[in-house]
Amino acid sequence: MDGQENEQHSTGDVTAPEDGRARRRWRPGTALRRLGVVLALLVVTLAGMVAGTYAGGHVGTDIGPFRAQLNLSPSLSGGTTVDIPPLGALLLDSHDGPAYLTVELGALDQRRTEALIDDPASISRASQSAVEDVRAGVMRLGLKTLASSVLATLLLAGLVFRDMRRTAWAGGLALVVTAGSLGLAAATIRPQAIEEPRYEGLLVNAPAIVGDARRIANDYTKYAEQLQRLVGNVSKLYTTVSALPVVQPSPGTTRVLHVSDMHLNPTGWQLIRTVVEQFNIDVVIDTGDITDWGSEPEASFVGSIGLLKKPYVYIRGNHDSAKTAAAVAAQPNAIVLNNSTTTVSGLTIAGIGDPRFTPDKETSPAGSGLTRVVADQVIGAGEQLAATVKSSPKPVNIALVHDPASAGSLSGTCPLVLAGHTHARQVSKLPQVPDKQPTQLMVEGSTGGAGLRGLEGEKPTPLSMSVLYFDQQKLLQAYDDITVGGTGQSQVNLERHVIQDPKKGDQVPVTPTPTRGGPVSPAPTGSPTATPSPTG
């Protein structure tokens, strides 16, 4: 009996622990803890992947002449955005998957841009290499994102779990999920998406804009094919001077190159440099609109000013922002005037920036309608400059305004006013003030051919600039109007005008003489309008 009890007690001692372990193994609390560990592992992995993607999912790369930034971010639907500051954004349905690509086009590299202009064949090569540039950049972006995602996950898991095995699981899971996401995006790429873009931002009427952008790009390719010949012709301009009315510049003659309304056309810089060298220019005067939108990425466009090695006097146009003016002022040879004066090469020059900043056509007078307030601002700028000229301790030789409508108040204060804005050359006399000296107004065309907008018409807007000759008394004695024709014309024209009596501003009528390119039309003349021009 005692043996049986002992046996039973012994048996109970053996079976009871096994039942306990079984109960502990299948208890709901244990399963919940394991589920919690799995969920924590997933949350930490996901957080690490997101943090790593934002931290390391970006690379800089060159795409043609642009310096671009590629960014990758998590997304449910995929796709690509091409940011083109300040014009807006181009949206492409390029791929599926949880990865979104953003391409931010930054500043143009001046050296590469000039190389494209100097060698028309490189335009074609650049367009072909751009695809490879993007592909290589995206590959580097993918590898960097993958490494950054795994590393961030490992660091976060180590801090949270403080367990080697769980940290390794999190890192492995991040590697698989990130690689799978990138692989899904690569497998679903739709190259044809570039043909169906969608614009957002300042560009309105998207379908029309897309069509115009493609047409302008095609026209510009044709235009670029002839640039080499055009630039070559400009280098021969000086050889035609002997066929023009003869001017015998004395040793004290000062040569000024007047440019205006570049509107971001890099071709203008090539022409300016050639004329500066061939004509032995002493001073370059720019009457504004060197950019289109006045944005920060455009500021790099003014870097060519420093390459001229000549004093560069500039006033702000209505397309130029304060940042644009600051970028110009940063050039070692530049002088920015804003209701102020300077003396360069013996010439005392006064200038004032345009009171407006209307980079978008929708906010310019052309888009919103000219108001009395705007007219008063433009005319008032001329009145401010006139007061500055009158109070100048030195007699002012040249006054600078952007819009010729600002020039009226300057009549009688100085012998010459230079302007731009209208994209059309115009020479006239301001209404004379009794007992005051006569004042001549010279409005320059667009040295940049009005930028890309100059390609919107049937014929590109010609590139225009003028060389002004001043005698020892700093009076205008002659000027050369230089015009570079556009696509299909391939002509460079130079027209010489001689001032018969510099003190009165009277000029000798001359017959226009073309240079190796075909006929040239005389510069338009007329009286200035008293209303601000709606031209951008």
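Sequential numbering from 698 applies to the sequence shown in our numbering.
Just so you know, even glycine gets a beta-carbon here, dropped at the ideal spot from N, CA and C.
Please read these numbers as outputs of a predicted model, since none were measured by experiment.
Reference residue i, options the options, closest by Cα
i, options, result
"glycine 868", "Ser845, Ala883 and Thr1085", "Ser845"
"glutamine 1197", "Gln1174, Ile1179, Ala1102 and Leu1034", "Gln1174"
"leucine 802", "Pro771, Val779, Asp1132 and Val835", "Val779"
"isoleucine 1179", "Pro795, His792, Lys841 and Gln975", "Gln975"
"glycine 834", "Gly1003, Ile760 and Ser1108", "Ile760"
"glycine 754", "Ala1022, Val735, Val740 and Leu840", "Leu840"
"proline 771", "Lys1087, Arg764 and Leu743", "Leu743"
"phenylalanine 998", "Lys1007, Asn1015, Val972 and Gln1028", "Gln1028"
"methionine 1162", "Met836, Val857, Pro1131 and Ile978", "Ile978"
"glycine 965", "Met836, Phe1167, Ser1143 and Val740", "Ser1143"
"arginine 1013", "Lys1006, Asn1035, Thr875 and Ser1001", "Asn1035"
"serine 1018", "Arg887, Gly1003, Ile1002 and Ala996", "Ala996"
"alanine 865", "Val741, Lys1020, Leu773 and Arg764", "Val741"
"aspartate 1073", "Gly1048, Thr1085 and Ser1103", "Ser1103"
"isoleucine 1032", "Ser1001, Gly1043 and Tyr1011", "Tyr1011"
"alanine 765", "Leu1044, Gln967 and Val831", "Val831"
"leucine 838", "Ser992, Leu881 and Leu769", "Leu769"
"lysine 1126", "Thr1119, Val1114 and Val847", "Val1114"
"proline 1008", "Glu993, Ser992, Gly1043 and His1016", "Gly1043"
Strand pairing of residue i, partner residues [DSSP]
i, result
"asparagine 1036", "Asparagine 1036 pairs with nothing; no bridge assigned."
"isoleucine 1002", "DSSP, once it has assigned bridges, lists no residue as partnering isoleucine 1002."
"serine 770", "Tyr797"
"threonine 758", "Ala765"
"glutamate 974", "Answer is none; glutamate 974 lacks a bridge partner."
"valine 980", "Val953"
"glycine 1048", "Ser1037 and Leu1097"
"alanine 748", "Looking at the DSSP assignment, alanine 748 forms no beta bridge with any residue, so it has no partner."
"alanine 1031", "Tyr1009"
Host beta strand (DSSP E) of residue i (start-end)
i, result
"leucine 1082", "From DSSP, leucine 1082 is part of no beta strand (DSSP E) but of the alpha helix (DSSP H) over 1069-1088."
"methionine 959", "Careful: methionine 959 lies outside any beta strand (DSSP E) and carries neither H nor E."
"leucine 1138", "1137-1140"
"threonine 1021", "Element bounds for threonine 1021: not the beta strand (DSSP E) but the alpha helix (DSSP H), 1019-1026."
"lysine 1126", "1123-1126"
"serine 1161", "1160-1167"
"asparagine 1190", "1189-1198"
"isoleucine 1179", "1173-1181"
"valine 1010", "1009-1011"
Exposure of residue i, with buried meaning 16 or more beta-carbon neighbours within 10 Å
i, result
"valine 1025", "buried"
"aspartate 1051", "buried"
"cysteine 1111", "buried"
"methionine 959", "buried"
"threonine 1055", "buried"
"glycine 1183", "Unreliable placement is indicated for glycine 1183, whose pLDDT of 48 sits below 50; no coordinate value is reported for it."
"threonine 1040", "exposed"
"asparagine 962", "buried"
"alanine 1022", "buried"
"glutamine 1170", "exposed"
"methionine 861", "exposed"
"valine 873", "exposed"
"leucine 798", "buried"
"leucine 1191", "buried"
"glycine 949", "exposed"
"alanine 1078", "buried"
"aspartate 1132", "exposed"
"proline 795", "buried"
"lysine 1006", "exposed"
"leucine 657", "Outside the shown range of the chain (698 to 1233) lies residue 657, about which nothing can therefore be said."
"proline 1101", "buried"
"phenylalanine 1167", "buried"
"alanine 1116", "buried"
"leucine 934", "Caution is warranted here: a pLDDT of 48 is assigned to leucine 934, below 50, making its placement in the model unreliable, and the coordinate value is therefore given only provisionally. Result: buried."
"valine 735", "exposed"
"arginine 1122", "buried"
"threonine 885", "exposed"
"leucine 757", "Position check: residue 757 holds glycine in this sequence, whereas leucine was assumed. Looking at its Cβ environment, which holds fewer than 16 other Cβ atoms inside 10 Å, glycine 757 is exposed."
Endpoints, the alpha helix (DSSP H) within which residue i is located
i, result
"threonine 1119", "Careful: threonine 1119 lies outside any alpha helix (DSSP H) and carries neither H nor E."
"serine 878", "861-884"
Short CB-CB distance (under 8 Å) between residue i and chain C
i, result
"valine 1025", "You won't find chain C in this structure, because it holds only one protein chain."
Heavy atom of the ligand HEM within 7 Å of residue i beta-carbon
i, result
"arginine 887", "For the structure depicted, the ligand HEM is absent and the ligand set is empty, with no information on it obtainable."
Say whether the stretch 946-958 touches the stretch 982-990, bearing in mind that this needs 3 or more beta-carbon pairs closer than 8 Å, one atom from each stretch.
-> At 8 Å Cβ cutoff, the stretches touch.
Per the contact definition of three or more C-beta pairs closer than 8 Å, is the stretch 1078-1095 in contact with the stretch 986-998?
-> Cβ pair count under 8 Å is below three, so no.
Between the stretch 1133-1144 and the stretch 1096-1109, do at least 3 Cβ pairs fall closer than 8 Å?
-> Result yes; three or more Cβ-Cβ pairs closer than 8 Å.
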